[in-house]
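Numbering (our numbering), first residue to last: 15 to 175.
First up is the structure itself, then whatever we jot down about it.
This is the structure in structure tokens:
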């Protein structure tokens with residue numbers, strides 16, 4: 015008989031405030047997590063964010079600006095989980111992405127991806143036209159429920175897709 019997968023939530027609302035970094039704290043817990051027969055660990059949002067909890071990600075590929083630790087610490091953590099037979103799941107909610115800068119009208123709708131190319135550098139055309147955050151979106155109408163914490167990303171936009 016095969017055991018059912020067990021997912022462990024490897025962060026909480028206060029994890030980003032852990033002295034010495036959350037990734038460094040969590041790596042010390044791997045033996046205990048592995049002994050508990052956990053098969054997967056759900057890791058916190060790994061990128062630059064507008065909030066200390068990192069729920070409003072900005073530069074998606076800027077992993078050295080995380081409140082949880084550095085890119086190298088994250089890689090070490092994942093490697094250690096994998097060597098203990100534990101898979102990692104990243105927490106990334108694309109519709110919670112927030113802008114990096116304001117446009118010439120003072121609206122927060124200039125996004126930077128944190129990559130050498132511009133594939134994740136978005137502007138107001140990637141925000142729904144009926145967004146309620148006053149972002150000046152010019153994209154398609156929203157296809158889901160409104161979320162006031164961040165601009166409603168236009169999921170029909172081919173650049174976003």
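Where a beta carbon is used, it is the ideal one built from N, C-alpha and C, also for glycine.
- Residue 122: member of the beta strand (DSSP E) spanning 122-124, first to last residue.
- Residue 150 is a Cβ neighbour of residue 121, given a cutoff of 8 angstroms.
- Counting only residues of its own chain and dropping the five nearest sequence neighbours on each side, residue 127 has a CB closer than 7 angstroms to the CB of 73, 74, 75, 133, 134 and 135.
- In the DSSP assignment, residue 21 is bridged to 54.
- Taken in chain order, the complete alpha helix (DSSP H) segments of 4 residues or longer contained in the region 74-126 are 85-97.
- Around the C-beta of residue 52, 16 or more other C-beta atoms lie within 10 Å, and the residue is accordingly described as buried.
- With a 10 Å radius around the Cβ and a threshold of 16 neighbouring Cβ atoms, residue 108 comes out exposed.
- Following the DSSP letters along the chain, one finds residue 36 inside the alpha helix (DSSP H) bounded by residues 36-42.
- For residue 63, the secondary structure class from DSSP, reduced to helix, strand or coil, is strand.
- By the Cβ criterion, the region 139-154 is not in contact with the region 83-103, since fewer than three pairs of Cβ atoms, one from each stretch, lie closer than 8 angstroms.
- Shown here, residue 143 sits in coil according to DSSP, grouped into three states, outside any helix or strand.
- With a beta-carbon spacing of about 6 angstroms, residue 140 and residue 173 fall inside the 8 angstroms limit used to define contacts.
- Only residues of its own chain outside the window of five on either side were considered, and among them 102 have a CB closer than 7 angstroms to the CB of residue 92, listed in chain order.
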